[in-house]
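A short worksheet on the structure shown next.
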Amino acid sequence: MEEYNVGNKHVICMVSDFFFPNVGGVEEHIFQLSQCLLRRGHKVIVMTHVYGDRRGIRHMTNGLKVYYLPIQPFYSQSVLPTFITSIPLLRNILLRERVTIVHGHSAFSTMAHEAMNLARAMGLKSVFTDHSLFGFADMSAIVTNNFLALSLADVNHCICVSYVGKENTVLRANVEQDKVSVIPNALDTEVFKPALPKRPKDKINVIVMSRLQYRKGVDLQPAIIKYICSQYPQVNFIIGGDGPKRSILEEVRDEVGSDRLQLLGPLPHANVHGVLVQGHIFLNTSLTEAFCIAICEAVSSGLQVVSTNVGGIPEVLPPHLILLAHPNVESLTKTLEFAIERELRNVPGRPDPWTMHWEMKNLYTWPDVARRTEIVYDRVHKEKSSAELVKRIPRYKKCGLVAGWFMMFLVTIQFLLLKICNKIWPAEDMDIAPDYCRAAPRWKLADERMVDGINARSGIMVPLARRRIRT
Amino acid sequence: MKTIYKDIHGDLIYLEEHLKPSDCNDRAAEISVSIGRIQLLPWLGYTVIIALLSFLAQLHTLHPVWLVTAVTVQLVTLMYRIHRKIIRETLLIVSGLGVQTTITYYTGRKHTRFIKWNKVFDIIIAETITMQQVLFYLALLVRANKTEANLKLLPLFLGTWPRLACLKHIYTAGQAVLSPNNSKLKMT
Numbered sequence: 001m002e003e004y005n006v007g008n009k010h011v012i013c014m015v016s017d018f019f020f021p022n023v024g025g026v027e028e029h030i031f032q033l034s035q036c037l038l039r040r041g042h043k044v045i046v047m048t049h050v051y052g053d054r055r056g057i058r059h060m061t062n063g064l065k066v067y068y069l070p071i072q073p074f075y076s077q078s079v080l081p082t083f084i085t086s087i088p089l090l091r092n093i094l095l096r097e098r099v100t101i102v103h104g105h106s107a108f109s110t111m112a113h114e115a116m117n118l119a120r121a122m123g124l125k126s127v128f129t130d131h132s133l134f135g136f137a138d139m140s141a142i143v144t145n146n147f148l149a150l151s152l153a154d155v156n157h158c159i160c161v162s163y164v165g166k167e168n169t170v171l172r173a174n175v176e177q178d179k180v181s182v183i184p185n186a187l188d189t190e191v192f193k194p195a196l197p198k199r200p201k202d203k204i205n206v207i208v209m210s211r212l213q214y215r216k217g218v219d220l221q222p223a224i225i226k227y228i229c230s231q232y233p234q235v236n237f238i239i240g241g242d243g244p245k246r247s248i249l250e251e252v253r254d255e256v257g258s259d260r261l262q263l264l265g266p267l268p269h270a271n272v273h274g275v276l277v278q279g280h281i282f283l284n285t286s287l288t289e290a291f292c293i294a295i296c297e298a299v300s301s302g303l304q305v306v307s308t309n310v311g312g313i314p315e316v317l318p319p320h321l322i323l324l325a326h327p328n329v330e331s332l333t334k335t336l337e338f339a340i341e342r343e344l345r346n347v348p349g350r351p352d353p354w355t356m357h358w359e360m361k362n363l364y365t366w367p368d369v370a371r372r373t374e375i376v377y378d379r380v381h382k383e384k385s386s387a388e389l390v391k392r393i394p395r396y397k398k399c400g401l402v403a404g405w406f407m408m409f410l411v412t413i414q415f416l417l418l419k420i421c422n423k424i425w426p427a428e429d430m431d432i433a434p435d436y437c438r439a440a441p442r443w444k445l446a447d448e449r450m451v452d453g454i455n456a457r458s459g460i461m462v463p464l465a466r467r468r469i470r471t
Numbered sequence: 001m002k003t004i005y006k007d008i009h010g011d012l013i014y015l016e017e018h019l020k021p022s023d024c025n026d027r028a029a030e031i032s033v034s035i036g037r038i039q040l041l042p043w044l045g046y047t048v049i050i051a052l053l054s055f056l057a058q059l060h061t062l063h064p065v066w067l068v069t070a071v072t073v074q075l076v077t078l079m080y081r082i083h084r085k086i087i088r089e090t091l092l093i094v095s096g097l098g099v100q101t102t103i104t105y106y107t108g109r110k111h112t113r114f115i116k117w118n119k120v121f122d123i124i125i126a127e128t129i130t131m132q133q134v135l136f137y138l139a140l141l142v143r144a145n146k147t148e149a150n151l152k153l154l155p156l157f158l159g160t161w162p163r164l165a166c167l168k169h170i171y172t173a174g175q176a177v178l179s180p181n182n183s184k185l186k187m188t
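Residue numbers (the UniProt record's numbering), protein chains in the order written: chain A, 1 to 471; chain B, 1 to 188.
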């Protein structure tokens, strides 16, 4: 690991279309990462678009400032990629908060791409975190990959959540591989503890927890469920989540009976643990996955995990904590049967839930993610960055004839608009937002990595609203 | 005594403290923000340019009725703008009595609003997002209902839009009267 300057404090602007009150992996990632960075003394702000009546500026835990910008989402929570209409507002925020690094999240978030590009035009640094994998073959993937390549042609650094993700990003977005780092996701293992008394003694529950969509392999599930239900009368299924494929599972439920297959519907993340501890085995049928946080949560809760060996899943967990299968019905059924047998007969190969939990603990922690992200920030901070058009335009030459020229055209317009903005709203007529005054920390952090500081008592790293639910 | 500040458009505004909290034992404060004199020269300039442009576009060859209508519409708009033009906003806080805001228009018309002392909860500086920029503004936190604890935001100085430095000045004076015990609060 290269040496880096500890005293270097950055002002980081996280941009994504996906943020609280929306729930999901990206939202959780941004929130937890921001909290850890704030704790390490950086200033962090978050930009996202309005969510219903949640608009304007909000402050979350520890003074995390969130801008809910008045831009309406148009398709699956992403804003319309106009590229130029949002320039004045984004420029204003970047200037008034004195942002030095813009950190975009998720390839699907158009706002992140717009903000990162604007940051480059303003001479700031940009970092991009990719949370998902893509294919190469179908039409939508080709289009998305092209757009991603355009956007990432002018980014300082990329972060992927697994080595498979890195490979994928380097291939489809045409980024130089030394500009891509791998920093895994993390989870709060303090929340996901085994609770053995909550499991039914005479039954075996198989938990499936995912968005019910094609990517998650929901189409494989009916055959597996029907077979297992007919073979093992003591095995029941509990499926949490919602999505377009819910109807096919409802059909299965009508066939096998609602006592064998329970559909819980949409589940807030705070309730996930309550469902996990009811089960013995966790089944994951994803067809593509960059870094599956759900299986980590399940292992941490002491469940046996049966999963497909796609994407980044094999590299996430050590082999003795997970049972891998090929993404087809036969292989998954066989592995699931093996897990059920192990549960029924108490075969010695089955690891103890608490051992699993202790092994998961400190494997993926948010402070560790923050520390590694900080290294990326420090490195990016040292890079030379020029907002001059002469320097920026050639970067798009590798993007192909049509797309490259189109992008050069857009960047030129963006440059002109920025000049106009500088005339209409000069930077010196803009008020600098005061920093949030940090209250004195309530406890000392002994370890530099802060692992114990955060995991010790109260599981602090939860959004305010969620904490309210729990109490 | 006038202090010169800037508004969000970069124009000069003048802050006048008619009554300083320090002079009356933190019992009252009266502060007014007024805009500078309205510049006539730019107006004349724009008028000349528009007149020239309409000549070039041969607008004078149109039917007189159209011309009269256009001119009337313009005049009515101008009158309306002058009528609505705010030149001074005053904030008067008297401990134990209430808060009074006065808006003075260009035509000399005045609009006064009074909030009783028991309804006033606090004075704050908040931020708002417009389509192009993020702005600071001063707001009174007012108890909408005596029984419930729900508070309403009452934005102040929306006619002059002073910048943060000016708002801090007003805020400090306001806090001195509203909560004299914590008036030594340091602004960051």
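For each residue, glycine too, the CB sits at the ideal point set by N, CA and C.
Requested in this report: Starting from the Cα of B:Phe136, find the closest Cα among B:Asp7, B:Met1, B:Thr69, B:Thr3 and give me that residue.
Outcome: B:Asp7
Query raised in the report: Going along the stretch 122 to 152 of chain B in order, which residues come within less than 7 Å of chain A, judged by CB to CB distance?
Result: Glu127, Thr128, Ile129, Met131, Gln132, Gln133, Val134, Phe136
Query raised in the report: Exposed or buried, which one is B:Thr69 when buried takes at least 16 other CB atoms within 10 Å?
Result: exposed
Query raised in the report: Leaving out the 5 sequence neighbours to the left and right, which residues in its chain are closer than 8 Å to B:Glu30 when beta-carbon positions are compared?
Result: Hits under 8 Å: Glu17, His18, Leu19, Thr90, Leu91, Leu92, Ile93.
**Report entry** Under 9 Å by beta carbon: chain A residues contacting B:Gly10
**Finding:** Trp425, Pro426, Glu428, Asp429
Query raised in the report: How about B:Leu156: is its C-beta nearer than 8 Å to some C-beta of chain A?
Result: no
Report task. Report yes or no: do the stretch 127 to 141 of chain A and the stretch 58 to 76 of chain A share at least 3 C-beta pairs separated by less than 8 Å? Result -> Judged by Cβ distances under 8 Å, the stretch 127 to 141 of chain A makes no contact with the stretch 58 to 76 of chain A, as fewer than three pairs qualify.
Requested in this report: Report yes if the CB atom of A:Thr365 is closer than 8 Å to the CB atom of A:Leu33, and no otherwise.
Outcome: Taking 8 Å as the Cβ cut-off, A:Thr365 and A:Leu33 do not qualify as a contacting pair.
Report task. Name the two residues that bound the continuous beta strand (DSSP E) containing A:Met47. Result -> 43 to 49
Requested in this report: Say whether chain A places a C-beta atom closer than 8 Å to the C-beta of B:Lys119.
Outcome: no
Query raised in the report: In chain order, which continuous runs of the alpha helix (DSSP H) of length 4 or greater are located wholly inside the stretch 40 to 108 of chain B?
Result: Taken in chain order, the unbroken stretches of alpha helix (DSSP H) that lie wholly in the stretch 40 to 108 of chain B and span 4 residues or more are 40 to 56, 64 to 84.
Requested in this report: Starting from the N-terminal side, write out each stretch of the alpha helix (DSSP H) that is 4 residues or longer and does not extend beyond the stretch 347 to 387 of chain A.
Outcome: 353 to 360, 366 to 382
Query raised in the report: Under 8 Å between C-beta atoms, does A:Asn92 make it to chain B?
Result: yes
Report task. Evaluate contact between the stretch 155 to 167 of chain A and the stretch 204 to 224 of chain A, counting only Cβ atoms and requiring at least three cross-stretch pairs below 8 Å. Result -> No, they do not touch.
Report task. Kindly list the residues whose CB is nearer than 8 Å to the CB of B:Gly36, restricted to its own chain and excluding five residues on each side of it in sequence; keep chain order. Result -> Excluding residues within five positions, the ones whose Cβ falls inside 8 Å are Asp11, Leu12, Ile13, Tyr14.
Query raised in the report: Do we get a CB-CB distance below 8 Å when we pair A:Arg449 with the residues of chain B?
Result: Because A:Arg449 sits at a pLDDT of 34, beneath the cut-off of 50, its placement in the model cannot be relied upon, and the point is left open.
Query raised in the report: Listing by chain order, which chain B residues have their CB less than 8 Å from the CB of A:Tyr67?
Result: Ile129, Val134
Report task. Output the distance between the C-alpha atoms of A:Leu196 and A:Glu343, rounded to the nearest integer angstrom. Result -> 13 Å
Requested in this report: Apply the 10 Å Cβ neighbour rule to B:Gln74 and answer buried if 16 or more other Cβ atoms are within range, or exposed otherwise.
Outcome: exposed
Query - 8 Å Cβ cutoff met for A:Val99 and A:Ser126 - result: no
Query raised in the report: In whole angstroms, what separates the C-alpha of A:Pro348 from that of A:Pro184?
Result: 31 Å
Report task. For the stretch 79 to 108 of chain A, enumerate the residues whose C-beta is nearer than 7 Å to any C-beta of chain B, in chain order. Result -> Pro88, Leu89, Asn92, Ile93, Arg96
Report task. Note down, in chain order, every chain B residue with its Cβ under 9 Å from the Cβ of A:Gly63. Result -> Here the premise fails: no neighbours, minimum Cβ distance about 12 Å.
Report task. Give every residue of the same chain whose Cβ lies closer than 6 Å to the Cβ of A:Lys216, excluding the five residues on either side of it in the sequence, and list them in chain order. Result -> Beyond the five residues adjoining it in sequence on each side, A:Lys216 comes within less than 6 Å, by CB distance, of Ser210, Ser286 in the same chain, given in chain order.
Requested in this report: Give the residues of chain A in contact with B:Lys6, contact being defined as C-beta atoms less than 8 Å apart.
Outcome: Asp429
Report task. Scan the stretch 135 to 217 of chain A and note each continuous alpha helix (DSSP H) run of 4 residues or more that stays entirely inside, going in chain order. Result -> If one requires a minimum length of 4 residues, the alpha helix (DSSP H) runs lying completely within the stretch 135 to 217 of chain A are 139 to 152, 163 to 173, in chain order.
Query raised in the report: If you draw a straight line from the alpha carbon of A:Lys9 to that of A:Tyr68, how long is it in whole angstroms?
Result: 25 Å
Query raised in the report: Once you ignore the five residues that flank B:Lys110 on each side, which residues in its own chain have a CB closer than 8 Å to its CB?
Result: Counting only Cβ-Cβ distances below 8 Å, and skipping sequence neighbours, we find Thr102, Ile103, Thr104.
Query raised in the report: Using a beta-carbon distance below 8 Å, is B:Leu15 in contact with chain E?
Result: Structure shown: chain E not included; protein chains present are A and B.
Query raised in the report: Which residues share a DSSP beta bridge with A:Met14?
Result: A:Val46, A:His103
Query raised in the report: For the stretch 80 to 94 of chain B, which residues have a CB atom closer than 8 Å to at least one CB atom of chain A, in sequence order?
Result: none
Report task. Determine which residues share a DSSP beta bridge with B:Leu140 and list them. Result -> B:Ile123, B:Leu154
**Report entry** Chain-ordered chain B contacts of A:Gly52 [CB-CB under 8 Å]
**Finding:** Here the premise fails: no neighbours, minimum Cβ distance about 16 Å.
Query raised in the report: So, is the C-beta of A:Ile224 closer than 8 Å to a C-beta in chain B?
Result: no
Query raised in the report: CA-CA distance, A:Phe31 and A:Ile142?
Result: 30 Å
**Report entry** Partners in chain B for A:Val57, counting only beta-carbon separations shorter than 9 Å
**Finding:** Strictly speaking, residue 57 of chain A in this sequence is Ile, with Val absent from that position. Result: Ala126, Glu127, Thr128, Ile129, Val134.
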